[in-house]
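Have a look at the structure below, then the notes.
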Amino acid sequence: MAASCSLPVVILALFLLLVAAFAPATAASPSKRPTHQPLLFPVGLAPLHRRHSSGRYAAAAVTASAAAATDNGTAEPFTAHYFLQELDHFTFTPNSSHLFSQKYLLNDTFWRRKPTTGPLFVYTGNEGDIEWFATNTGFMFDIAPQFGALLVFIEHRFYGESIPLGNDSYRSPDTLGYLTSTQALADFAVLITSLKQNLSAVDAPVVVFGGSYGGMLASWFRLKYPHVAMGALASSAPILQFDDITPWSSFYDAISEDFKSESLNCFSVIKAVWDVLDDRGSNHTGLLELSKTFRACKTVQSADSLSNWLWNAFTYTAMVDYPTPANFMMNLPAYPVKEMCKIIDSFPAGADIIDKAFAAASLYYNYSGDQKCFEMEGGDDPHDLDGWGWQACTEMVMPMIVSNESMFPPFSFSYENNSEGCLTYYRVRPRIHWITTEYGGHNIDKVLKRFGSNIIFSNGMRDPWSRGGVLKNISSSIIALVTEKGAHHLDLRSATKDDPEWVVEQRRQEVEIMHAWIDQYNKDIAQM
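Residue numbers -27 to -1, 1 to 501, in mature numbering (1 follows the signal peptide of the UniProt record, and there is no 0), belong to the letters of the sequence shown in order.
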């Protein structure tokens, strides 16, 4: 079985793409990708799927592998449902009333109906199929019994099975234009409101949860729809990664710090490998030899492909540097950055630097040891992440550079070049300041202190996205929970017997805060 690799893309924005060199298969024609572009989210091309239903809600629930495996390997049941959602919530053009099937998952095992209705815990779906996030958000399943909560996981439009215009959805800017964060938030609001009415639970409190882009959506949902959700847990949500709020080099500086903290030699090997790789891959003979060294399933056409393969491995491993074994991105051991560096440091003096880097990256792609070769170019997208390129080219513009101090090759960013790349691939120019105009971000401590409430921003400092997150308390009810050794939305994963005490304490605080929110909400409702 061959391991596939999602190549870095073009745009500097979230979860990991490159600036101006990616487009869906149906978008404008591609050209050669620039060398060594910073990443932002896993991207690949996968078939589009759509499930049809009748009525506002699908009549029959479909069991989503009725006992889907959660992140700790235990079985947690949820059922899949489909809600007929409007295409455009903000205009009254003829196309706006077009309906599409939006997928959502339910678990009502622990839902309490008396004496007071238990809360709805709603996950605001990210840039992928919703089962992927549901099965990696075991924290919600863990705490549902003590809250008597109904669990709801809503899929983001244009991802997974929630494809508004079928096979035409990705065909042009005319259809992709309906893929925005504001439309997604409106989807969540309409679905939640309708679901509560359908379940005769209009007064039930709603807390939204999300990690990464989903965490950004959760926090923005609380700010935009406070009448729908009375609280939000936003984990690893880089809502300050826009404009000039966060230093542009912070993401890759953080990854470099993660590796350097484990071993200076490890950091130095990775920093040096890029030039060696470019030099050896500058001719056909060199590419043949490198293809053998990297165990490529097919001879690679460019050294860039190998650089991207390494770059992805080191970046994602830093993101998911969890203290326990996990399989969110790939099957990995506990503290995988430490394990990568152990591999590099175990080589004898004088060993080839490329052999060292390849062996370390193989931990990410082949920890299970079952991959006979690696797909360095092409490959599929197992999680239906197709739309992120469009989002990064329209509103999710997160400028990133690679500094000279980083272990990655230096890279600069300009809004102008980014805009030209987006125009080439999607026939659209980014609205570079739209996110901070729509949701805020500048002087967030002063702004949210005046009107916001009931948001938990959780971050782990091993996660490079943490630098763009809220790391200090804003008020008594907008709380920042920060762990020094935490990784990408670690707190949302299922509890395990091997969790460090600091993870246990972080989750305990989150539960305590949410209990206080819900208790106060129920008191207020009782007095109405």
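All C-beta atoms in this analysis are idealised placements derived from N, C-alpha and C, irrespective of residue type, glycine included.
### Query
Do I228 and T288 have their C-beta atoms closer together than 8 angstroms?
For I228 and T288, yes; Cβs fall inside 8 angstroms.
### Task
Leaving out five residues on either side along the sequence, give the residues of the same chain with a beta carbon under 8 angstroms from the beta carbon of V477.
The beta carbon of V477 lies closer than 8 angstroms to those of A468 in the same chain, with the five residues before and after it left out.
### Query
Which one of R404, T290, M349, D226 has the shortest CA to CA distance from E378?
Per the Cα distances, D226.
### Query
So, using beta-carbon positions, are T290 and D328 closer together than 8 angstroms?
For T290 and D328, no; Cβs fall outside 8 angstroms.
### Query
Whose C-alpha, out of I136, Y151, G91, is nearest the C-alpha of T66?
For T66, the nearest C-alpha among the options comes from Y151.
### Query
For the region 130 to 190, which segments carrying the alpha helix (DSSP H) assignment without a break, of at least 4 residues, lie completely within its bounds, in sequence order?
Segments of the alpha helix (DSSP H) lying fully in the region 130 to 190: 146 to 149, 154 to 171.
### Message
Within 10 Å of its beta-carbon, does W490 have 16 or more other beta-carbons around it, so buried, or fewer, so exposed?
### Response
It is buried - the Cβ of W490 has at least 16 other Cβ atoms within 10 Å.
### Query
Where does P67 fall in DSSP's three states?
Of the three classes helix, strand and coil, the one that applies to P67 here is helix, per DSSP.
### Query
Measuring CB to CB, does V273 end up less than 8 angstroms from L263?
In this structure, L263 lies closer than 8 angstroms to V273 by Cβ.
#### Entry: Residue from F131, G91, G414 with nearest C-alpha to K169
If we check each option's Cα against that of K169, G91 comes out closest.
### Query
For S439 versus S278, is the C-beta spacing smaller than 8 angstroms?
No, Cβ-Cβ distance for S439 and S278 is not below 8 angstroms.
#### Entry: Classification of S74 by the beta-carbon crowding that lies within 10 angstroms, buried from 16 upward
It is buried - the Cβ of S74 has at least 16 other Cβ atoms within 10 Å.
### Exposed unless 16 or more other CB atoms sit within 10 angstroms - verdict on R423
That one is exposed.
### Alpha carbon of S385 to alpha carbon of M373, nearest angstrom
Computed Cα separation, rounded: 8 angstroms.
### Message
Rounded to the nearest angstrom, what separates residue 510 and V201 at their Cα positions?
### Response
The requested residue 510 is not part of the displayed model; the chain covers only -27 to 501.
#### Entry: Close beta carbons around V175, own chain, < 7 angstroms, minus the five adjacent residues each side
Apart from sequence neighbours up to five positions away, the residues of its chain that approach V175 with a beta-carbon distance below 7 angstroms are K169, ordered along the chain.
#### Entry: As assigned by DSSP and simplified to three states, the class of C366
Correct three-state label for C366: coil.
### D497 versus T219: straight-line alpha-carbon distance, rounded
Counting only the Cα atoms, T219 lies some 38 angstroms from D497.
### Task
Helix, strand or coil for N432, going by three-state DSSP, please let me know.
In this structure, N432 counts as strand in the three-state DSSP scheme.
### Task
Could you have a look at L213 and say whether DSSP puts it in helix, strand or coil?
For L213, the three-state secondary structure derived from DSSP is coil.
### Query
So is I105 buried or exposed if we call it buried at 16+ other beta carbons inside 10 Å?
A small correction: the amino acid at residue 105 is Trp; Ile does not occupy that position in the sequence shown. With 16 or more other Cβ atoms within 10 Å, it is buried.
### Message
Can you check which of these residues, E128, H62, F51, is closest to W84 by C-alpha distance?
### Response
When only C-alpha atoms are compared, the closest one is F51.
### Query
Looking at C-alpha atoms only, which residue of N432, E485, L444 is the closest neighbour of G459?
Among N432, E485, L444, the Cα nearest to that of G459 is on N432.
#### Entry: Beta-carbon proximity of P146 to V401, cut-off 8 angstroms
Going by C-beta atoms, P146 is nearer than 8 angstroms to V401.
### Task
Find the nearest neighbour of L260 within the set E235, A53, M349, D141, judged by alpha-carbon distance.
The residue with the shortest Cα to Cα distance from L260 is M349.
### Completely contained alpha helix (DSSP H) runs for the region 217 to 296, where each covers 4 or more residues
As far as the region 217 to 296 is concerned, its whole alpha helix (DSSP H) runs of at least 4 residues are 223 to 235, 237 to 253, 257 to 266, 276 to 292.
### Query
So is A322 buried or exposed if we call it buried at 16+ other beta carbons inside 10 Å?
With fewer than 16 other CB atoms across the displayed protein chains lying within 10 angstroms of its CB, A322 is exposed.
### Query
From L172 to C270, what distance separates their C-alpha atoms?
If I take the Cα positions, the gap works out to 52 angstroms.
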